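Shown next, in structure tokens, is the structure this report addresses.
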């Protein structure tokens, strides 16, 4: 529509209603900025045979172990109307609000309620493509709104962000992608707030960024501050305006944060219980990349990171000292440098843009800055998680250059070409670059050739245009083709390197596993109490969430460190820094106190034939019931409250810790385990490999000949018929074999995280051997224990603990009620993981909870008939909810006030020029 220069007033008339067709046409480049990346990403998945286009799936690493199982559990909760406060599916029970805040708050996940469970993998794949495409669409909308451009160039820059190395390297980390893709909207909201005093988009987008993933949301908050500082420098208009802008940015940032406190305050409280909360600020100067902790090391790191701008064909390396993922196409790199030569862009803007990138480079290098960026914490793998912001800044610089392309000279284009070639040359022979190609060294040279060829092509096209040899339309078409082509190649290579897995046997056991879980549910259909089940061996570390049963194992960044410590002490697998604790077939003592009723064996058999009775089978999967099961909530001796955990797993014997726990709980002073002494050894010959006993079960070993690949073997003799357990912590010997009379059992025991393993029921006189192959030249320590269950002691303790058991009358996903007849004063014990938020009432009166080992919910209870109620609300929820309501009222009030003021105070006549320009606006 042509723009009129007259300002003749027109008579007032009804505002024109715009049809959806007009809206779609007006925003056609935004739609294409979404559609093209979506099609390219789905095509890349299809080429890799990802279901429904084949028999593969995108589930790898944490997406395999955590995100998909949690999504499956989330879908189950949505479809069955369960509480979001707590879940029994994993970890014995965990704060689900905190788990959601990190893993599941994506709005897209709520759509899974409409999807059949069998199609959840495909839903996840398409949701990944959706988020990548939305990142491009929001980037296009940012440029359209800020720079008033509405042409085909939006598509090119949208692709640059959609297919940046961060997205392509970390798309499997689906929990981060929502906040990453909404970052352009937060940036747009910040610009609108500073330039037009419009606060709604800023407040809503920042709140969403935090809710969808508070961790990546923290980076976005820092980015808002960086935009504010950059804007203040480039468009400096005096101290008064600076403080006015600072005040309004601060106020609406606080309102945005306040809107999220109902969700994030409980998450913050839960974070205090995690291992990450123990991190400390580095006291001395150190760097992540570059080798030496000095200026030369920093310069080497700067060279390596700058070179990674040209690493577009090779996705992320997850090693802690890898380079950040910042590349975002040859097109963006070239035009980013071209912006530095544009006479239409202020010098101040160029300095600020490069200054921001330089600061973020330093944040990747210097550990103190890295620590602050990541929420005062060092990451566990996947470094520089804020690096997508570097890509976004470069893309903005590139777009600024494109908007001023008519003013670019041949010299400027040549300078940009030289700078781009210099970056490519920085990759040649660089140790950081070589590390990025560790798993695909054959890609390194093709990557260099491809990026060089693309850069030269782009440079030639731009130079030809600056000399007006070709028209602008031809230049744009050429750049469009090369950018979309590179995006498609990058998408395919990103999926190829991230890899895919097979859909077969995920979940392991397939239909047979489903049948077994259904069988359990049918058997317990009329059981009101909370009963638990576990698998004899794990598949995902979150099998309860994946297969929909109440389990013990959990891998969760929000894991309660106290529970991890308890698992380590009680002879189960725990790893505090790994945020996980896991169950594998263990002893009857473990099963008793963890209220395990069923064990699922995918192999169809268990080692514990003493008190695990087979009750069902489907194909190769067997279901076994614990004949010594006690329902949740039973009385123990008060002395159990004295049981303490040891924080150093190298300083205790888990059998002794269970002996102590059993004695405290039952009052029986006999050990429930009898330890076995080594009767002989069968290690590698002594002239090559030495093993020295330090104390019972503790050994030092070393290779005399460092070329030797040694093994260790300890032999024991069964003193009587009985059930035997083994614990092994052998350096460089994670896979342990148990032999009976020199015949190896069919399955090995994974002892990377050591645990008390049930190894079988043996006869008196049987030779029991613990064997492990070590790495070549190994030296280190080993802790190896073999113990026998004292059945008489165990049976006596079981009978005593079974005397006073709660009869559950009601159990929900976040509460429990029941009655109990207590015969004598003692401690009411549950295996519910304790954290603040749980409340207990006895006969209507609130009682103080005194957790066992600071981990398991328990409280003193006197003799007599009692009614017990346990209820959970996330710690901080109600306070956060109140703050969110106040901020919601403030935000709504501000919106209403602005609306009223515009209606009453700012009635303006409608001019032809305003109507003509409306579409562009």
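In the working numbering, the protein residues as written are 602 to 1522. All C-beta atoms in this analysis are idealised placements derived from N, C-alpha and C, irrespective of residue type, glycine included. Remember, it's a predicted structure, so these values are computed and weren't measured experimentally.
First through last residue of the beta strand (DSSP E) which encompasses residue i
i, result
"residue 1040", "Counting along the chain, residue 1040 falls outside any beta strand (DSSP E), and DSSP gives it neither H nor E."
"residue 1229", "From DSSP, residue 1229 is part of no beta strand (DSSP E); its letter is neither H nor E."
"residue 1302", "1299-1304"
"residue 1202", "1197-1202"
"residue 1026", "Counting along the chain, residue 1026 falls outside any beta strand (DSSP E), though it belongs to the alpha helix (DSSP H) covering 1011-1028."
"residue 1131", "Note, residue 1131: premise wrong, no beta strand (DSSP E); not H, not E."
"residue 1181", "1181-1183"
"residue 1580", "Missing from the structure shown is residue 1580; the chain here goes from 602 to 1522 and no further."
"residue 1419", "1416-1423"
"residue 750", "That residue, residue 750, is in no beta strand (DSSP E); it is neither H nor E in DSSP."
"residue 627", "Element bounds for residue 627: not the beta strand (DSSP E) but the alpha helix (DSSP H), 621-627."
"residue 1290", "1290-1296"
Under 8 Å between C-beta atoms of residue i and residue j
i, j, result
"residue 1450", "residue 1234", "no"
"residue 989", "residue 781", "yes"
"residue 1302", "residue 1355", "no"
"residue 871", "residue 1159", "yes"
"residue 1145", "residue 691", "yes"
"residue 1418", "residue 1360", "no"
"residue 663", "residue 732", "no"
"residue 1001", "residue 905", "no"
"residue 748", "residue 795", "no"
"residue 888", "residue 817", "no"
"residue 1322", "residue 1370", "no"
"residue 1357", "residue 1255", "yes"
"residue 1201", "residue 1394", "no"
"residue 637", "residue 1085", "yes"
"residue 730", "residue 813", "no"
"residue 695", "residue 1452", "no"
"residue 912", "residue 1097", "no"
Cβ-heavy atom distance, residue i to the ligand GTP, below 7 Å
i, result
"residue 662", "Summarising the ligand content, the structure contains no ligands, and the ligand GTP is consequently not present."
Best match in the options for proximity to residue i [C-alpha to C-alpha]
i, options, result
"residue 955", "869, 995, 1309, 1301", "995"
"residue 1340", "1323, 719, 1306, 1283", "1283"
"residue 1448", "1460, 1365, 620, 700", "1460"
"residue 850", "876, 787, 893", "787"
"residue 719", "1497, 1135, 677", "677"
"residue 948", "1218, 755, 835", "835"
"residue 1227", "1215, 1237, 1220, 977", "1215"
"residue 928", "748, 1345, 1009, 762", "762"
"residue 1403", "1025, 1238, 1231, 1376", "1231"
"residue 681", "626, 1413, 632, 862", "1413"
"residue 981", "1246, 793, 1005, 923", "923"
"residue 1299", "1332, 1501, 1324, 991", "1332"
"residue 1383", "1337, 1426, 1347, 1410", "1337"
"residue 859", "1476, 745, 821, 807", "807"
"residue 933", "792, 1183, 999", "999"
Range covered by the alpha helix (DSSP H) that runs through residue i
i, result
"residue 824", "815-835"
"residue 1141", "Element bounds for residue 1141: n/a, residue is neither H nor E."
"residue 585", "Since the displayed the chain opens at 602 and closes at 1522, residue 585 lies outside it and no answer follows."
"residue 959", "948-966"
"residue 1002", "989-1004"
"residue 1150", "First-last for residue 1150: undefined, no H or E at that position."
"residue 1258", "1255-1267"
"residue 1170", "1162-1170"
Three-state secondary structure assigned by DSSP to residue i
i, result
"residue 1240", "helix"
"residue 846", "helix"
"residue 1518", "Summary for residue 1518: the model assigns pLDDT 38, below 50, so the residue's position carries little reliability; its value from the coordinates is reported in the next sentence. DSSP places residue 1518 in helix when its eight states are reduced to three."
"residue 1324", "strand"
"residue 603", "For residue 603, the predicted structure reports a pLDDT of 36, less than 50, and the residue's modelled location is therefore unreliable. A value from the coordinates is still provided. DSSP places residue 603 in coil when its eight states are reduced to three."
"residue 1433", "strand"
"residue 710", "helix"
"residue 927", "coil"
"residue 1075", "helix"
"residue 1343", "coil"
"residue 1332", "coil"
"residue 803", "helix"
"residue 1509", "Here the model assigns residue 1509 a pLDDT of 46, short of 50, so the residue's position is not dependable, and the following value carries that caveat. Three-state result, residue 1509: coil."
Could you tell me which whole alpha helix (DSSP H) segments of length 4 or greater appear in the segment 1457-1507?
DSSP runs (the alpha helix (DSSP H)) wholly in the segment 1457-1507: 1478-1505.
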